[in-house]
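Shown next, in C-alpha cells, is the structure this report addresses.
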Amino acid sequence: MKKNLLSILFISVLTLSVFSCKDKAKEATTSEAEEVATVEATATQYTANTEASKIAWKGFKPAGEHYGTISLKEGTISTKDGKITAGSFVIDMATIVVEDIPAEEKGNANLVGHLSNADFFDVEKFPTAMFEITGVEEAEGKTLLSGNLTLKEATNNVTFPVAVTTEGDALTLVSETFTIDRTKWNVQYGSKSIFDNLGDKFINDDIELKVLLKASK
Numbered sequence: 001m002k003k004n005l006l007s008i009l010f011i012s013v014l015t016l017s018v019f020s021c022k023d024k025a026k027e028a029t030t031s032e033a034e035e036v037a038t039v040e041a042t043a044t045q046y047t048a049n050t051e052a053s054k055i056a057w058k059g060f061k062p063a064g065e066h067y068g069t070i071s072l073k074e075g076t077i078s079t080k081d082g083k084i085t086a087g088s089f090v091i092d093m094a095t096i097v098v099e100d101i102p103a104e105e106k107g108n109a110n111l112v113g114h115l116s117n118a119d120f121f122d123v124e125k126f127p128t129a130m131f132e133i134t135g136v137e138e139a140e141g142k143t144l145l146s147g148n149l150t151l152k153e154a155t156n157n158v159t160f161p162v163a164v165t166t167e168g169d170a171l172t173l174v175s176e177t178f179t180i181d182r183t184k185w186n187v188q189y190g191s192k193s194i195f196d197n198l199g200d201k202f203i204n205d206d207i208e209l210k211v212l213l214k215a216s217k
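Counting from 1, one number per residue, gives the positions in the sequence shown under the UniProt record's numbering.
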C-alpha cells in the first residue's frame, strides 16, 4: 500500500512538472542592442491605433500571480511587399492596469502604485519605454520580430514570434506569449538572483508578455 502511494505521488509530481514546463511561455531571445532598421522611402507606413493596441503582462510569485495590460503612447510600422521592414513604438508606462484584482478594491490601487514606484518601473522618472525594430526573419515556419527594448535606461535586443495580417488599410500584429527577464532592464525588486535571504517572499524574474498591435495607413 505504501509502495503504491509513493508511486501515485511520484506520477503526480512528474505529471505536474510536465504540464508546468509545457505551460511556461518561452523566454524571448535576448542579446545586446543592435542597429535599428531604417525606414525605406518606398515602404508602406502604418500608424498605431493606441486605443486598440495593448501589451498584456503577467507576473509570478509563490503565492500566485498578477496580470493586466499596458498601452502604447504612439508608434509606426513600415512594410514592403507585405513584410515588416521597420518601426518604433513608445510604451506609456503610466497606463499600467491590473486586471486580476477588482478595480474598486484597495488592493488594485496599491498594486498599481507599487508597480509604478521606484521598486519596479519608477514611472515618474521613466514615463515611457521604447521598442525599435531591428529586423525580421522567417524560421521554422514562424515570423520572428527583433527589436531594441529600452526600459529604465537599459536597452536589450529581444526576438519573439509574431503573426501579421493586413486587410485594406489595416494591419494587425499579434505576438505569441513570451517572457523577458526583468532584471536585465534594472527591475530588481524581490529577485532571488539579486537578493539573498528572501525565502518565499521573492517575485519571479520572468515577466510574461503578449503584444497586440493594430495600425492603419
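We put the beta carbon where it would ideally sit given N, CA and C, even for glycine.
None of the values given here were measured: they were computed from a predicted structure.
- Contact check for I91 and L145: beta-carbon distance about 15 Å, past the 8 Å limit, so the pair fails to qualify.
- Residue pairing by DSSP puts E208 in a beta bridge opposite K58 and T179.
- Shown here for R182: same chain residues with a beta carbon closer than 7 Å to its own, the five before and five after excluded, namely D205 and I207 in chain order.
- Judged by DSSP secondary structure, G107 falls outside any beta strand (DSSP E) and instead within the alpha helix (DSSP H) spanning K106 to S116.
- With contacts defined as CB atoms closer than 9 Å, F160 and T29 qualify as a contacting pair.
- For A48, the enclosing beta strand (DSSP E) covers residues T44 to A48.
- Taking 9 Å as the cut-off, the beta carbon of V36 is found closer than this to the beta carbon of N148.
- When G199, A170, V158 and G168 are compared, the shortest CA-CA separation from S31 is found for V158.
- K80 and A43 do touch by the CB rule: their CB atoms are close to 5 Å apart, below 8 Å.
- Approximately 15 Å separates the beta-carbon atoms of A56 and M93; this is outside 8 Å, ruling out the contact.
- Short of 6 Å from the beta carbon of V112, and not among the five residues preceding or following it, lie these beta carbons of its own chain, in chain order: I96 and V98.
- Taking K184 as the centre and dropping the five residues before and after it, the same chain places the C-beta of T30, A154 and N156 closer than 8 Å to its C-beta, in chain order.
- DSSP, read as helix, strand or coil, puts K184 in helix.
- For K125 and N186, the gap between their C-alpha atoms comes out near 13 Å.
- Taking C-alpha positions only, E105 is separated from V174 by approximately 31 Å.
- Per DSSP, G68 is one residue of the beta strand (DSSP E) stretching across G64 to K80.
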